[in-house]
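> Numbering (full-length UniProt numbering), first residue to last: 1 to 614.
We put the CB at the ideal spot given by N, CA and C, even for glycine.
For clarity, every value in this text was computed on a predicted model and none was experimentally measured.
Handing you a structure now.
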């Protein structure tokens with residue numbers, strides 16, 4: 001097997017044959033080579049066995065025939081008659097060269113694309129063929145001309161070797177409905193020997209733009225508006241404008257996205273897009289307002305667009321300057337005239353374009369009795385100076401200095417701030433040692449109202465605690481009323497939800513009552529148990545227990561069994577006058593005391609009579 005890229009007489013391969021005869025004996029081992037199959041494409045050197053091409057490159061084309069089979073014959077006796085022969089087969093394959101340029105499958109391509117297509121959207125694919133193979137068939141596409149060079153671009157699909165046309169910029173049907181581009185294709189690798197056949201091909205691509213219903217389009221990407229903070233309600237701040245870009249030119253209505261204007265400070269005219277005020281504004285509260293305005297088509301409310309609107313409030317001088325902080329100032333009893341005891345500054349909520357400029361002066365009501373002087377330093381600060389050398393803490397411990405602060409903007413605003421100066425005893429270095437109690441009490445702290453409120457809350461809380469404690473103690477001291485009728489033995493709790501026997505432990509209910517009542521109850525219970533411990537009751541209970549044990553339909557063992565014992569026959573027999581004995585013999589009523597506490601009063605009555613008779 002051999003791969004060949006050739007010119008005429010190009011050596012392809014050399015074949016060699018061997019002969020077992022003695023080469024020293026005549027011509028019996030002398031070999032001659034010849035081609036028995038493969039003419040006229042190849043030839044073989046009769047002496048060396050080298051196979052060569054017999055035709056030029058133009059006569060052999062891989063695209064027409066790629067594989068050749070050549071049969072070589074070797075004959076001894078120098079090729080003379082009577083010589084012996086042997087043959088071999090040589091398979092020759094022509095390798096490819098880039099001798100064929102790519103060619104479009106058609107000269108004109110047509111595609112359509114929606115105007116709403118985003119950048120990168122595929123418009124279509126175009127194909128070109130190349131008779132070569134491998135790298136010689138690789139190609140690339142380029143847009144060389146046309147009115148759509150800036151709107152589209154083309155790339156090569158490495159797998160299919162197709163040209164892929166995509167959108168590179170937004171399209172607008174209302175501006176241009178179609179584009180035409182010229183596309184060129186050529187191989188990545190070009191063989192200069194075959195340029196005469198041409199290495200490129202051209203095709204025309206026509207792209208039509210399809211119209212879609214688009215939302216309204218604002219004439220700006222955003223709007224900046226300015227309004228003075230003292231503007232009246234209803235004043236127009238600015239306006240926005242949007243239009244339907246489609247050919248139908250649908251009417252547009254405007255509205256404000258209320259999520260961006262929760263306080264409803266602004267509104268927009270639905271027809272002309274003018275923005276106006278609904279409420280008064282305050283720059284010191286909010287200097288900027290960012291709202292969003294919506295433009296919607298009348299015919300298709302689903303088509304809408306938003307635009308941001310930035311509204312800046314312009315400052316006006318509507319705030320008076322004030323002291324920058326609360327100053328705590330003192331003056332020594334022994335000082336000197338003109339001594340600076342404090343430097344004050346001011347702040348203003350307004351923001352004038354040229355910056356703040358403050359002026360300080362002593363108020364007119366304090367000039368005639370002023371013990372201090374206010375000196376404007378010219379740098380938005382002022383110095384408080386003493387006007388005399390001595391001050392008496394006993395004579396006057398506190399001085400109030402009214403200071404007028406004025407700004408330099410228009411309209412001019414001013415305010416009067418009061419500076420409190422305490423008179424203190426100082427050491428030689430001027431450090432404060434002692435001030436009056438009145439001055440100290442005037443220092444910042446809790447107000448009288450706050451102290452009273454705290455005291456009232458404490459008193460109310462204390463009363464609640466005392467009342468709660470008294471109620472709790474009263475509940476503990478309530479006597480437990482124990483009547484003669486309220487006699488209990490033991491209370492046994494059965495917390496079973498099903499059948500089965502469970503051991504229980506009884507507890508004395510008297511332990512839960514008042515100690516005094518518990519003692520009385522215990523004595524009563526003992527008497528009751530003693531009185532009821534008789535033979536009749538035992539016999540009755542034993543009989544009922546035996547009946548329940550022998551009863552096949554008896555309830556579970558640990559269920560409650562009722563023994564309705566009504567007692568034995570009365571020893572007094574009938575109490576009626578007819579059944580009573582007429583004898584006036586002495587009767588014995590001592591048995592009544594055996595009936596328990598319920599008959600104690602009756603036993604006492606008859607027992608007393610017996611005592612009287614006796």
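#1: Please state the DSSP three-state secondary structure of residue 298.
#2: Please check the pair residue 115 and residue 212, which I expect to be a contact at CB under 8 angstroms, by giving their CB distance rounded to whole angstroms.
#3: When burial is assigned at 16 or more other CB atoms within 10 Å of the CB, is residue 36 buried or exposed?
#4: Among 292, 267, 252 and 153, whose alpha-carbon lies nearest the alpha-carbon of residue 300?
#5: Alpha carbons only, please: which of 128, 143 and 153 is nearest the one belonging to residue 119?
#6: Please report the distance separating the alpha-carbon of residue 15 from that of residue 51.
#7: Taking 6 angstroms as the limit between beta carbons, can you name the residues of its chain near residue 10, skipping five residues before and five after?
#8: In angstroms, rounded to a whole number, what distance separates the CA positions of residue 31 and residue 72?
#9: Mapping the DSSP letters down to three states, classify residue 593 as helix, strand or coil.
#10: Taking Cβ positions, are residue 347 and residue 327 nearer each other than 8 angstroms?
#11: Taking C-alpha atoms, which residue in 322, 292 and 316 lies nearest to residue 308?
#12: What are the partner residues of residue 202, as DSSP defines its beta bridges?
#13: Need the endpoints of the alpha helix (DSSP H) that residue 541 sits in, please.
#14: Take the Cβ of residue 552 as the centre, count every other Cβ of all protein chains shown within 10 Å, and call the residue buried at 16 or more, exposed below.
#15: Closest to residue 168 by C-alpha separation, out of 160, 590, 148 and 183, would be which residue?
#16: State the start and end residues of the unbroken beta strand (DSSP E) segment that holds residue 560.
#17: Go through its chain and collect everything with a Cβ distance to residue 107's Cβ below 6 angstroms, but skip five positions before and after it.
#18: Could you say if the segment 233-240 and the segment 136-148 meet the contact criterion of at least three C-beta pairs nearer than 8 angstroms?
#19: Could you give the residue range of the beta strand (DSSP E) that holds residue 407?
#20: Please classify residue 249 as buried or exposed, where buried requires at least 16 neighbouring CB atoms within 10 angstroms.
#21: So, is residue 440 buried or exposed, given that buried needs 16 or more other C-beta atoms within 10 angstroms?
#22: Under 8 angstroms: do the segment 419-439 and the segment 450-460 share three or more Cβ pairs, one atom per stretch?
#23: Report yes or no: do three or more beta-carbon pairs, one from the segment 311-322 and one from the segment 225-232, lie closer than 8 angstroms?
#24: Are three or more beta carbon pairs between the segment 171-190 and the segment 218-225 nearer than 8 angstroms?
#25: Out of curiosity, what's the CA-to-CA distance linking residue 155 and residue 135?
#26: Given a cut-off of 8 angstroms, decide if residue 110 and residue 216 are closer than it, judged by their beta-carbon atoms.
#27: So the candidates are 289, 279, 233 and 246; which of them puts its Cα closest to the Cα of residue 260?
#28: Scan the segment 61-137 and note each continuous beta strand (DSSP E) run of 3 residues or more that stays entirely inside, going in chain order.
#29: Opposite residue 242 in the DSSP bridges: which residues?
#30: Excluding sequence positions up to five away, which residues of its chain have a Cβ less than 6 angstroms from the Cβ of residue 127?
#31: Quick check on the burial criterion: 16 or more other C-beta atoms within 10 angstroms. Buried or exposed for residue 581?
#32: Report buried or exposed for residue 407, applying the criterion of at least 16 other Cβ atoms within 10 angstroms of its Cβ.
#33: Alpha carbon to alpha carbon, how far is residue 160 from residue 62? Give it in angstroms, no decimals.
#34: Go to residue 615, then tell me how far its beta strand (DSSP E) extends in each direction, as first and last residue.
#35: Between residue 294 and the rest of its own chain, which residues show a CB-CB distance below 8 angstroms, the 5 nearest in sequence each way excluded?
#36: Just the Cα atoms here: how many angstroms apart are residue 349 and residue 361?
Here's the rundown:
#1: As a working note, residue 298 is residue 298 in the chain shown. Coil.
#2: Position 115 of the chain shown holds residue 115. Position 212 of the chain shown holds residue 212. That belief holds up - the Cβ atoms of residue 115 and residue 212 are roughly 6 angstroms apart, short of 8 angstroms.
#3: Here residue 36 is taken as the residue at index 36 of the chain shown, counted from 1. Per the 10 Å Cβ criterion, exposed.
#4: Here residue 300 corresponds to residue number 300 of the chain shown, with the count starting at 1. Closest option to residue 300, Cα to Cα, is 252.
#5: Walking along the chain shown from the start, residue 119 turns up at place 119. It is 153 whose Cα lies nearest to the Cα of residue 119.
#6: Locating residue 15 in the chain shown gives position 15, counting from the first residue. Locating residue 51 in the chain shown gives position 51, counting from the first residue. Answer to the nearest angstrom: the Cα atoms are 8 angstroms apart.
#7: The count along the chain shown starts at 1 and reaches residue 10 at position 10. Answer for residue 10: 53, listed in chain order.
#8: Counting from 1 along the chain shown, the entry for residue 31 is found at position 31. Counting from 1 along the chain shown, the entry for residue 72 is found at position 72. Taking the straight line joining both Cα atoms gives about 12 angstroms.
#9: Taking the chain shown and counting its residues from 1, the one referred to as residue 593 is at position 593. Correct three-state label for residue 593: helix.
#10: Taking the first residue of the chain shown as 1, we reach residue 347 at position 347. Taking the first residue of the chain shown as 1, we reach residue 327 at position 327. It is not a contact, given that the beta carbons lie outside the stated cut-off.
#11: As a position in the chain shown, residue 308 is number 308, starting the count at 1. Among 322, 292 and 316, the Cα nearest to that of residue 308 is on 292.
#12: Along the chain shown, one-based indexing puts residue 202 at 202. 184.
#13: For the purposes of this step, residue 541 is taken as the residue at position 541 of the chain shown. Segment 535-550, the alpha helix (DSSP H) holding residue 541.
#14: Residue 552 sits at position 552 when you count from the first residue of the chain shown. Flag for residue 552 reads exposed.
#15: Looking up residue 168 in the chain shown gives position 168. With respect to the C-alpha of residue 168, the residue from 160, 590, 148 and 183 having the closest C-alpha is 148.
#16: Here residue 560 corresponds to residue number 560 of the chain shown, with the count starting at 1. Going by DSSP, residue 560 is part of no beta strand (DSSP E) at all; its letter is neither H nor E.
#17: Against the chain shown, residue 107 aligns to sequence position 107. Taken in chain order, the residues that qualify are 203.
#18: Not touching, per the Cβ criterion.
#19: Your numbering for residue 407 matches position 407 in the chain shown. Its beta strand (DSSP E) spans residues 398-407.
#20: Walking along the chain shown from the start, residue 249 turns up at place 249. Around the beta carbon of residue 249, a 10 Å sphere encloses fewer than 16 other beta carbons of the protein chains shown; the residue is thus reported as exposed.
#21: For the purposes of this step, residue 440 is taken as residue 440 along the chain shown, with counting starting at 1. Legend: pLDDT at residue 440 = 43, less than 50; position of this residue unreliable, no value from coordinates given.
#22: no
#23: The segment 311-322 is in contact with the segment 225-232.
#24: Contact fails: fewer than three Cβ-Cβ distances are below 8 angstroms.
#25: Counted from its first residue, the chain shown places residue 155 at position 155. Counted from its first residue, the chain shown places residue 135 at position 135. The alpha-carbon atoms of residue 155 and residue 135 are separated by roughly 18 angstroms.
#26: Translated into positions along the chain shown, residue 216 becomes position 216. Translated into positions along the chain shown, residue 110 becomes position 110. The answer is no: Cβ separation not under 8 angstroms.
#27: Numbered from 1 along the chain shown, position 260 holds the residue referred to as residue 260. Ranking 289, 279, 233 and 246 by Cα distance to residue 260 puts 289 first.
#28: 67-75, 85-94, 108-114 and 122-126
#29: By 1-based counting over the chain shown, the position of residue 242 is 242. Its beta-bridge partners are 218.
#30: Walking along the chain shown from the start, residue 127 turns up at place 127. Hits under 6 angstroms: 105 and 162.
#31: Position 581 of the chain shown, counted from the start, is the residue given in the question as residue 581. Unreliable placement is indicated for residue 581, whose pLDDT of 48 sits below 50; the coordinate value is still reported in the next sentence. If you draw a 10 Å sphere on the C-beta of residue 581, you find fewer than 16 other C-beta atoms in it, and that means exposed.
#32: Residue numbering aside, residue 407 sits at position 407 when the chain shown is read from its first letter. Looking at its Cβ environment, which holds 16 or more other Cβ atoms inside 10 Å, residue 407 is buried.
#33: Counting from 1 along the chain shown, the entry for residue 62 is found at position 62. Counting from 1 along the chain shown, the entry for residue 160 is found at position 160. About 23 angstroms.
#34: This structure leaves residue 615 out entirely; the chain is present only between 1 and 614.
#35: For the purposes of this step, residue 294 is identified with residue 294 of the chain shown, where counting begins at 1. 254, 255, 256, 257, 304, 305 and 306, listed in sequence order.
#36: What you label residue 349 is simply residue 349 of the chain shown in a count that begins at 1. What you label residue 361 is simply residue 361 of the chain shown in a count that begins at 1. Taking the straight line from one Cα to the other gives about 20 angstroms.
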